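Following: one structure in structure tokens, then a few remarks.
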Amino acid sequence: MTLRVRTLAIDRCGCGFEGSIRFLLLESGIEISCSYTTQNDEAVEAIYRIGLEADAPIFLAYGAIRKSPCRTAGIHPNVVGKFAGWITIDGEELALVDSLFRIPVDNELGDPVPDLKPGDWVECTGELTLRRGENESQQAAAPNRPAAPILKSAFPLRGSEG
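Residues 1 to 162 in the working numbering are what the sequence shown lists, from first letter to last.
Structure below.
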């Protein structure tokens, strides 16, 4: 599952392998900031060229999901939206949440929520991240191209660790 994005800016921290990237989510018009820490600056800039569009496999990592009394979709400080069901990506079961955009949530740090039904309002904490697994097949098809970095939100959602 991917979102179509346009890279707006890449800001290096100066150490050669860490910095932040701003993306515009094309479907929703929402801007998000992500940090990168697993690739060198040149590899990141080769994959996410400023001004160009790409498909980004974004999900909410290190997440926790719970039912919420809130009835307004939002993404800051936490993702709030309607539970849309469970999906499996790369062998991992993720909750799918319809918020300001549709986002998978891993519930890695949350308690089990077996009584969730589609349409239930939920609140999710975690970090917006690019899934590496969905890009690994691209790497296999183009071995000289660097693998996509794992990106984490520069603004962790309230209640998340890290």
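By construction, the Cβ of each residue, glycine as well, lies at the ideal position given by its N, Cα and C atoms. Note that the structure is a prediction, hence the values are computed from the model and not measured.
For a cutoff of 8 Å on Cβ pairs, would you count residue i as touching chain C?
i: ILE21; result: Looking at the structure shown, chain C is missing, and only one protein chain is on hand.
Assuming residue i contacts residue j under a Cβ cut-off of 8 Å, what Cβ separation, rounded to an integer in Å, is found between them?
i: ALA109; j: ALA64; result: Reading off the sequence, residue 109 comes out as Leu, not Ala. Contact holds; Cβ gap of about 5 Å.
i: ILE30; j: PHE101; result: 7 Å
i: VAL79; j: LEU94; result: Incorrect: roughly 13 Å between the Cβ atoms, too far for contact.
i: LEU130; j: ALA56; result: 6 Å
Taking its Cβ as the centre, do 16 or more other Cβ atoms sit within 10 Å of residue i, making it buried, or is it exposed?
i: ASP11; result: exposed
i: ASP115; result: exposed
i: GLY19; result: buried
i: LEU3; result: buried
i: ASP120; result: exposed
i: CYS70; result: exposed
i: GLY81; result: buried
i: LEU26; result: exposed
i: ALA9; result: exposed
Which value, in whole angstroms, describes the spacing of the CA atoms of residue i and residue j?
i: ILE103; j: CYS13; result: 28 Å
i: LEU52; j: ASN40; result: 20 Å
i: TYR48; j: CYS15; result: 19 Å
i: HIS76; j: SER99; result: 11 Å
i: VAL97; j: LEU24; result: 19 Å
Subject >> Contact between the segment 119–128 and the segment 44–60 (3+ Cβ pairs under 8 Å) >> reply: yes
Subject >> Whole beta strand (DSSP E) elements within the segment 49–87, 3-residue minimum >> reply: 53–56, 58–67
**OP:** Quick one: which unbroken beta strand (DSSP E) runs of 3-plus residues sit fully inside the segment 96–126? Chain order, please.
**Re:** 102–105
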